[in-house]
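A quick write-up on the structure given underneath.
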Amino acid sequence: MAIEDKLATIRFNVDAEPHIRVNTGICETCREKDCLYICPVQNFTLAEDKLVFSWQGCVECGACRIACTAGAIEWAYPRGGFGVCLRYG
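If you read the sequence shown in this note's numbering, its first letter stands for residue 1396, the second for the next number, and so on.
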């Protein structure tokens, strides 16, 4: 099963308050930008050479926090009742 098919079975209850915060000041000095490649739902992108992060589709795997060796990512689980709900669809 392709990743797109698996992601179609996920439901999100998006909180207005992000559960992941990215210090883009640190990102500007990062050469590797591993977050661009590690996130399975591609929530990290580059726009005009600046890192852009969108937490709304996060599947809460924590891979970005582990991959970021610069310490730019502050990651926590969403508040109760919010976040990803698996095996829907």
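Glycine included, each C-beta is placed from N, C-alpha and C at the ideal position.
Note that the structure is predicted; figures quoted are calculated from it, not measured.
In terms of residue numbering, what span does the beta strand (DSSP E) encompassing residue i cover?
i     : result
E1469 : I1468 to W1470
C1480 : G1478 to C1480
R1416 : I1415 to V1417
A1442 : F1439 to A1442
Under 7 Å Cβ to Cβ from residue i, same chain only, skipping five residues before and after it: list those, please.
i     : result
V1454 : I1405, P1435, V1436 and V1479
I1421 : A1465, G1466 and A1467
N1438 : F1448, S1449, W1450, G1452 and C1453
Return the first residue and the last residue of the alpha helix (DSSP H) that residue i is part of.
i     : result
I1461 : A1458 to A1462
I1405 : Looking at the DSSP string, I1405 is not in any alpha helix (DSSP H), and its letter there is neither H nor E.
Would you mind giving the Cβ-Cβ distance between residue i and residue j, rounded to the nearest angstrom? I have them listed as a contact below 8 Å.
i     : j     : result
T1419 : L1446 : 6 Å
C1459 : C1430 : 5 Å
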